Amino acid sequence: MTATAALPDFLQPLPLQPVVVRPPQGAVLPLVCDSPHSGTAYPADFGVAVPLALLRRGEDTHVHRLWEALPDYGATLIEATFPRTYIDPNRAEGDINPAMLDGEWPVALQPGPKTLQGLGLVWERISQAGQSTPVYDRKLSVAEVQQRIERYWRPYHAAVSQAIRWSVDRFGGVWHINLHSMPSDVYQRLGTPDKQLADFVLGDRDGTTCAPEFIHLIGDTLQAQGYSVAYNEPYKGVALLADIGQPHLQRHSMQIEINRPLYMDEATREPNAGFEPLRQNLQKVMAVVSDYVRQQLPVRG
77 MTATAALPDF LQPLPLQPVV VRPPQGAVLP LVCDSPHSGT AYPADFGVAV PLALLRRGED
137 THVHRLWEAL PDYGATLIEA TFPRTYIDPN RAEGDINPAM LDGEWPVALQ PGPKTLQGLG
197 LVWERISQAG QSTPVYDRKL SVAEVQQRIE RYWRPYHAAV SQAIRWSVDR FGGVWHINLH
257 SMPSDVYQRL GTPDKQLADF VLGDRDGTTC APEFIHLIGD TLQAQGYSVA YNEPYKGVAL
317 LADIGQPHLQ RHSMQIEINR PLYMDEATRE PNAGFEPLRQ NLQKVMAVVS DYVRQQLPVR
377 G
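Residue numbers for the sequence shown follow our numbering, so the first one is 77 and each next one is one higher.
Below is the structure:
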């Protein structure tokens with residue numbers, strides 16, 4: 077029996093490239109969208125101590141499918157194929173807890189607030205029903221974490237960076253949207269269960285990563301369709317927005333979080349009856365954003 081055959085069914089050699097880039101169709105716009113957390117191909121060397129059903133709670137399952145028409149509106153769509161619990165593309169490279177390693181990292185690490193929650197570059201914990209469970213029953217070797225960075229994190233960041241640079245070089249600016257979904261129990265996890273989670277949460281790191289008119293255009297379009305919208309609460313955006321968003325240089329970056337029950341069963345991860353209506357409504361958002369970006373050209377310096 078081979079080592080692969082002895083693995084749990086969900087841990088198999090990754091059949092896909094770590095990142096999929098879907099280029100614009102027709103007229104190209106400086107609009108770059110990415111789904112860093114919807115990957116579902118679990119690499120064989122994960123070495124976890126929890127079942128797949130629990131790991132999958134970290135997925136933004138089906139988000140790339142909800143937005144798959146973006147290239148028809150002139151956007152570049154970038155998707156991770158690997159799961160964020162394995163390595164999270166929306167974290168800085170040094171956002172690692174040194175205590176989870178069995179050796180010394182060669183340079184100084186910079187663990188941030190997410191790492192303190194067990195949700196850094198490499199996830200240490202995962203939550204369900206108010207319980208936080210360790211992902212591993214072992215320490216990770218420095219070599220295996222470095223390999224995850226080289227094989228998965230770097231290619232994803234390279235793809236996003238290339239699309240951003242190309243847009244800026246060609247058009248003088250770029251509009252970037254980071255695509256996510258959020259668990260319906262997020263406020264319970266945060267210890268504030270009385271708060272009501274909106275249908276959509278839009279983030280721009282408290283007004284620092286994109287022009288206000290851009291994020292509010294999307295919010296207004298969603299509200300006009302009957303959805304509730306919140307801004308920067310409870311999600312503001314993390315590493316990708318911080319790296320890309322420089323509105324004074326015409327580099328606008330924002331995040332969209334979708335409340336998962338709008339489109340899927342959180343227990344089974346399967347699309348629910350709301351999936352197709354939501355997908356159609358998001359195409360209206362795509363059309364509005366596409367028109368907006370087109371109106372900004374040539375980019376005002």
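Note that the Cβ used here is the ideal one computed from N, Cα and C, for glycine as well.
Just so we're clear, the structure is a prediction, and the values are computed from it rather than from any experiment.
Query                                                                                                            : Result
Through-space distance from S243 to L83, alpha-carbon basis                                                      : Residue placement at L83 is flagged as unreliable, the pLDDT there being 45, under the threshold of 50; the coordinate-derived value follows with that caveat. If I take the Cα positions, the gap works out to 43 Å.
Nearest neighbour of S217, chosen from Q238, P210, G188 and D178 [CA to CA]                                      : D178
Top-ranked residue by Cα proximity to R241, from A145, T157, I320 and H113                                       : I320
Simplified DSSP assignment, three categories, for F351                                                           : helix
Close-in-space but distant-in-sequence residues of the same chain around Q359 (CB under 7 Å, 5 per side omitted) : A145
Any alpha helix (DSSP H) of 4 or more consecutive residues that is wholly inside the region 98-186               : 128-131 and 139-142
According to DSSP, residues forming a beta bridge with W251                                                      : L107 and H328
Runs of beta strand (DSSP E) wholly within the region 256-306 (minimum 3 residues, chain order)                  : 276-279
CA-to-CA distance, Y162 to E169, given in whole angstroms                                                        : 14 Å
E309 in three-state terms, based on DSSP                                                                         : coil
Limits of the alpha helix (DSSP H) - the one that Q222 falls within                                              : V218 to R224
CB contact check: V96 to chain D, cutoff 8 Å                                                                     : This model lacks chain D altogether, as it is built from one protein chain only.
Coarse secondary structure for Q356, derived from DSSP in three states                                           : helix
Candidates E352, D270, Y303 and L255, of which the one nearest L317 by Cα                                        : L255
The region 303-315 touching the region 276-288, judged by at least three CB pairs closer than 8 Å                : yes
When M258, L325 and D275 are compared against C286, the one with the closest alpha-carbon                        : L325
R201 (DSSP reduced to helix, strand or coil)                                                                     : strand
Spatial distance of R214 from P269 (CA atoms)                                                                    : 33 Å
N-terminal and C-terminal residue of the beta strand (DSSP E) that T209 is part of                               : Q207 to P210
8 Å Cβ cutoff met for N445 and T152                                                                              : There is no way to answer for residue 445, as the model of the chain reaches only from 77 to 377.
Through-space distance from S114 to V108, alpha-carbon basis                                                     : 17 Å
Spatial neighbours of R98 in its chain, beta-carbon cut-off 8 Å, leaving aside the 5 residues before and after   : E144, L146, P147, T152, L153, I154 and E155
Opposing strand residues paired with L195 [DSSP bridges]                                                         : W199
Own chain partners of P347 with C-beta closer than 7 Å, once the 5 adjacent residues on each side are dropped    : H138, Y339 and M340
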